[in-house]
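In the order they appear, the protein sequences are chains A and B.
Residues 1 to 214 (our numbering) are what the first sequence spells out, left to right.
Residues 1001 to 1214 (our numbering) are what the second sequence spells out, left to right.
2 protein chains.
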Amino acid sequence: MGDESTTPSRRREITRNRLLDAAAQVFAEVGLDAASVETVCERAGFTRGAFYSNFASKEEMFLELAGRVAAERVGVVKARIAELERQGAFQTVPTDALAMVEQIIDISNEDRLGVLLMNEIRIHALRSPALAAAYVAQEVQMRAGVAQIIEDIAAAKGITFRVPADEAAALMLMAWESASVHAVMSGADKAQMTSLTSERLAAVARLIIDSPQS
Amino acid sequence: MGDESTTPSRRREITRNRLLDAAAQVFAEVGLDAASVETVCERAGFTRGAFYSNFASKEEMFLELAGRVAAERVGVVKARIAELERQGAFQTVPTDALAMVEQIIDISNEDRLGVLLMNEIRIHALRSPALAAAYVAQEVQMRAGVAQIIEDIAAAKGITFRVPADEAAALMLMAWESASVHAVMSGADKAQMTSLTSERLAAVARLIIDSPQS
DNA sequence: CGGTTTCGATACGGCACTGTATCCAGTACA
DNA sequence: TGTACTGGATACAGTGCCGTATCGAAACCG
């Protein structure tokens, strides 16, 4: 993905980002198809002129947004790994599965809109090969990252698992996604979301860990 | 929810169903918002006149469709339970987790469009309380049904689980949904879908079952 | 069989959104 | 500080879709 040709000019970059931010909100709220270009622009404080000067179409913009979201999510996990390794936190990580999970989750504390946006991306990925590619790529990265964390913790605490780290990671991500959806659907606020999600993830973690906890 | 006032007339019922069937296809293919009432009608072999004579709006129709799909899914599981109990099949169920799961799954052999439709319903349920209610109700029923099957199998084969049947059921459904999505997204055909899904489910089953298999 | 009712087709007005073409202002650079 | 250019606003024509109102024909019933 290279630069177009010339420097994208600082100003242009800013409006692009503001448009993308607004789009993330609007797409999450009403969905890609129901969202009009106009609504996105209003939210960003621009008119459609600015939009078509920066993006070829709503769909093209959505593709870029999806990539951006994916990159950001992966980045958060990567950063978390680095941070944990840097401060050697794995030794001090609590024994309790629930507390353990909560510590990891808290970083990627996703809100209602975030969940909606990811689901919006997902369903469109089910219909568009281009989006699907981006989506599965992100998922692979996420799984690798989570697997890394899992392995680190396991090594530090002498835990063994009943399944390979990669599969464990897949299960955790699956549970995380599922729990988020349930939380949002039952109208939970952010605190409840975190609570419900981490509880559910802890249950999976207990299932994965080889030795029954104390 | 009672009858409107008079008998809905055989003819009317038929066109309603044809419209609903067409809608299920179209909604699955392009999504609720992108689907025009006209497209649905064309697919069903009617004009918009027929539609507005039968439904107040596209959204109202979607709500009804969602309920119908939910009822049908639950019905399939219920029927499966009845069938298994009738023929006392639990004794003859294979020991291998994978074969076991495959036997159960094969009934609800869902295709690409089915997965798309369920995801479409789900994401709209995330935004509409009415749909959310229907969705979680269906999920509760499904979980209960699957839990029933799990308990029956466990009793028949003297297996114990590391988690309560209800939680095990939730995990299985979660894995099932997740695997279906992955299969569709990677462009798998129906056979591959079944294969991938049952493999994944078997992995979860192995994780849930108390004693490591033979 | 003839009247009545029901149901779906056809016709119409209207709206929201799209994409482009043109215009104006702020910015950079000499 | 003047000039060239970039970026966003405004204006416009076109399109698709919606929901209703009206009409014709098939089913229903005495």
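The beta carbon of each residue, even a glycine, is placed where N, CA and C say it ideally should be.
Keep in mind the model is a prediction, meaning the values are calculated, not measured.
{"Item": "Touch test, the segment 1057-1074 of chain B against the segment 1107-1125 of chain B, Cβ-Cβ under 8 Å, three pairs minimum", "Value": "yes"}
{"Item": "Within 8 Å of chain B by C-beta, residues of the segment 157-179 of chain A in sequence order", "Value": "R162, V163, E167, L171, M174, A175, E177, S178"}
{"Item": "Min CB distance B/I1209 to chain A below 7 Å", "Value": "no"}
{"Item": "Which residues DSSP lists as bridging B/I1209, in chain order", "Value": "B/F1161"}
{"Item": "A/L196 at chain B interface by Cβ criterion, 7 Å", "Value": "no"}
{"Item": "Status (buried if at least 16 other CB within 10 Å, exposed otherwise) for A/R48", "Value": "exposed"}
{"Item": "7 Å Cβ cutoff, B/I1247 in contact with chain A", "Value": "In this structure chain B extends from 1001 to 1214, so residue 1247 of chain B is not present and cannot be described."}
{"Item": "Given A/Q138 as reference, the closest of A/A34, A/R68, A/D21 once Cα atoms are compared", "Value": "A/R68"}
{"Item": "Contacting residues, own chain, Cβ-Cβ under 6 Å from A/A202 (five flanking each side not counted)", "Value": "A97, L98, V101"}
{"Item": "Partners in chain A for B/A1203, counting only beta-carbon separations shorter than 8 Å", "Value": "V163, E167"}
{"Item": "Enclosing alpha helix (DSSP H) for A/E64 [first to last residue]", "Value": "58-86"}
{"Item": "Whole-angstrom C-beta distance between B/R1162 and B/D1210, which should lie under 8 Å", "Value": "5 Å"}
{"Item": "Beta-carbon gap between B/E1110 and B/G1031 smaller than 7 Å", "Value": "no"}
{"Item": "B/I1149 classed as buried or exposed, judged by whether at least 16 other C-beta atoms fall within 10 angstroms", "Value": "buried"}
{"Item": "As assigned by DSSP and simplified to three states, the class of A/G2", "Value": "The predicted position of A/G2 is uncertain, since its pLDDT is 36 and thus under 50; no value can be drawn from it."}
{"Item": "Nearest-angstrom Cα separation, counted from A/R16 out to A/P8", "Value": "10 Å"}
{"Item": "Residues within the segment 29-50 of chain A neighbouring chain B, beta-carbon criterion of under 7 Å", "Value": "G31, D33, A34"}
{"Item": "Inter-residue Cα distance where the pair is A/A79 and A/A70", "Value": "14 Å"}
{"Item": "Contact with chain A by B/V1184, beta-carbon distance below 7 Å", "Value": "yes"}
{"Item": "Span separating the alpha-carbon of A/L131 from that of B/S1186", "Value": "11 Å"}
{"Item": "Cβ shell of B/R1018 (< 6 Å), same chain only, five flanking positions each side left out", "Value": "A1044"}
{"Item": "Where B/F1046 falls: helix, strand or coil (DSSP)", "Value": "coil"}
{"Item": "Extent of the continuous alpha helix (DSSP H) to which A/T15 belongs", "Value": "10-30"}
{"Item": "C-beta atoms of B/S1180 and B/V1115 nearer than 7 Å", "Value": "yes"}
{"Item": "Any chain A beta carbon closer than 7 Å to B/S1214", "Value": "Interpretation of B/S1214 is limited by its pLDDT of 38, a score under 50 that renders its predicted location unreliable; no figure is taken from the coordinates."}
{"Item": "Partners in chain B for A/A188, counting only beta-carbon separations shorter than 7 Å", "Value": "In chain order: nothing, as chain B lies at least about 12 Å away."}
{"Item": "Per-residue contacts from B/V1181 into chain A (C-beta, under 8 Å)", "Value": "R122, L126"}
{"Item": "Chain B contact residues for A/L225, given Cβ-Cβ distances below 9 Å", "Value": "There is simply no residue 225 of chain A to check, as chain A begins at 1 and stops at 214 in what is shown."}
{"Item": "Beta carbon proximity, A/A132 to chain B, threshold 7 Å", "Value": "yes"}
{"Item": "Chain A within 7 Å of B/V1069, Cβ atoms only", "Value": "no"}
{"Item": "7 Å CB neighbourhood of B/Q1025 in its chain, flanking five on each side removed", "Value": "R1043, L1113"}
{"Item": "Inter-residue spacing [alpha-carbon to alpha-carbon] between B/P1164 and A/E29", "Value": "36 Å"}
{"Item": "Min CB distance A/N17 to chain B below 7 Å", "Value": "no"}
{"Item": "B/A1125 - containing alpha helix (DSSP H), residue span", "Value": "1112-1125"}
{"Item": "Burial state of A/G145 (16 or more Cβ within 10 Å)", "Value": "buried"}
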